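Data block below; observations after.
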Amino acid sequence: MKMAAGRKKRPQASLEEEYASLLREYAAGGGEATLGRAYELGRRAIAERKSLLDLASIHHGALRALAQDTNNGKGREDVLRASADFLAECMSPYEMAQRGFQDAVRALRQLNETLEQEIKRIAYAVHDEAGQLLVAVHLALADMARELPKPQQEQLGRIKGLLNEVEKHLRRYSHELRPTILDDLGWIPAIRFLAEGISKRANLPIHIQARISGRLPGPAETALYRIVQESLNNAVKHAKARNIWIRAWRENQVLHCSIRDDGEGFDTHRAQGTPGRKGLGLIAMQERVSAIGGTLRIQSGPGQGTEISLRLPLETEHVNSCRAR
Ligand SMILES: Nc1ncnc2c1ncn2[C@@H]1O[C@H](COP(=O)(O)OP(=O)(O)OP(=O)(O)O)[C@@H](O)[C@H]1O
Ligand SMILES: [Mg+2]
15 MKMAAGRKKR
25 PQASLEEEYA
35 SLLREYAAGG
45 GEATLGRAYE
55 LGRRAIAERK
65 SLLDLASIHH
75 GALRALAQDT
85 NNGKGREDVL
95 RASADFLAEC
105 MSPYEMAQRG
115 FQDAVRALRQ
125 LNETLEQEIK
135 RIAYAVHDEA
145 GQLLVAVHLA
155 LADMARELPK
165 PQQEQLGRIK
175 GLLNEVEKHL
185 RRYSHELRPT
195 ILDDLGWIPA
205 IRFLAEGISK
215 RANLPIHIQA
225 RISGRLPGPA
235 ETALYRIVQE
245 SLNNAVKHAK
255 ARNIWIRAWR
265 ENQVLHCSIR
275 DDGEGFDTHR
285 AQGTPGRKGL
295 GLIAMQERVS
305 AIGGTLRIQS
315 GPGQGTEISL
325 RLPLETEHVN
335 SCRAR
């Protein structure tokens, strides 16, 4: 699109310049209209990814310049009071964003709880209903076997053996889907149980070093279990790893957990940023960690293996729960 001659767009003033100029305007008696623009400036600061500390530093610079200016006709007290109001207005979009974030975390927690209920339901269905069906098949085979000659009875015996294997695997999968030890004994025993099954099936050594005692609140333990579960699944599915290491430890009031493999690794930016990507595992992990107030770091690169590191500050709520159980 062509611009009309002589109407060049003026470049937008920097945040610092605009802040200083608006603060000056407000201190000189700018009133409500200027405060409204201070609010908009706060929104711009968020959009430009400025932290609250950045904003405080911008404010400090603008205030110093204003204090040096002796010609604004206002007393020192008035300037200070006006600048405090101005800063508060500029910061209020941060507060709104913080509230929005808390709402989102609450919604995420609820979503995870619903998901867990659904997983429980599926685990029970696999365990109980599929189990019952298999019992019915066993009975039907036993009936049939009575009327068959010896060689066919032996064949049926082999089929029964295979059915027993299917039943064993289904039981194992249903327990791993939602292990009862997760509720009864906690996330570390549940992870040991899971790792044992995966290690056998994938013929892959999984080394566990857990220096943690006590329990965490249910949602935190479930989230930790799911994150380790997805990391192990990924390592088996994608990494062609020869070893997996799981470590969990506590340092001061922070719980750490790391899942590392020595496999092929991957380009994390590409895997997380590709539009139309199909995998949900890494996103779900990030969301689960956010929902319990932790952070997750994924370190990987082609040929370098992969490490998922989780950091969970233990709130008073967590620590009390550790002691109470
Ligand atoms: N440990 C790993 N080693 C190598 N590549 C990995 C590893 N973990 C993840 N990846 C890569 O990152 C991609 C995204 O992983 P993500 O768990 O999100 O999805 P997925 O495993 O493909 O599918 P889903 O988890 O939904 O079943 C994978 O497709 C894989 O290419
Ligand atoms: Mg996955």
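Mapping of the sequence shown onto the working numbering: position 105 corresponds to residue 119, and the numbering continues sequentially without gaps. C-beta: ideal position from N, C-alpha, C; glycine also. Treat the numbers as computed from the prediction; the structure is a model and nothing was measured.
Under 8 Å by Cβ, that's how I've got residue i and residue j pegged, so tell me the actual separation to the nearest angstrom.
i	j	result
residue 226	residue 202	6 Å
residue 322	residue 312	6 Å
residue 239	residue 196	6 Å
residue 119	residue 305	6 Å
residue 276	residue 317	Not a contact, Cβ separation roughly 10 Å.
residue 70	residue 103	Actually they do not touch by this definition, with Cβ atoms about 14 Å apart.
residue 77	residue 97	5 Å
Specify the secondary structure class of residue i as computed by DSSP and reduced to three states.
i	result
residue 255	coil
residue 267	coil
residue 349	Residue 349 lies beyond the stretch modelled for the chain, which goes from 15 to 339, so this question has no answer here.
residue 272	strand
residue 60	helix
residue 178	helix
residue 334	In this predicted model, residue 334 has a pLDDT of only 44, less than 50, meaning its place in the structure is not dependable; the value taken from the coordinates is given anyway. Helix.
residue 42	coil
residue 301	helix
residue 24	coil
residue 321	strand
Output the boundary residues of the beta strand (DSSP E) element that contains residue i.
i	result
residue 224	220 to 225
Check whether the Cβ of residue i sits closer than 6 Å to any heavy atom of ligand 2, and report yes or no.
i	result
residue 248	yes
residue 295	yes
With hydrogens ignored, establish whether the beta-carbon of residue i is closer than 6 Å to any heavy atom of ligand 1.
i	result
residue 253	yes
residue 317	no
residue 320	yes
residue 277	yes
residue 216	no
residue 207	no
residue 285	yes
residue 280	yes
Taking residue i as part of the alpha helix (DSSP H), name the residues at either end of that continuous run.
i	result
residue 135	90 to 138
residue 313	From DSSP, residue 313 is part of no alpha helix (DSSP H) but of the beta strand (DSSP E) over 309 to 314.
residue 74	66 to 82
residue 141	Taken as a continuous stretch (DSSP letters only), residue 141 belongs to no alpha helix (DSSP H), as it is neither H nor E.
residue 246	232 to 248
residue 197	194 to 198
residue 203	201 to 216
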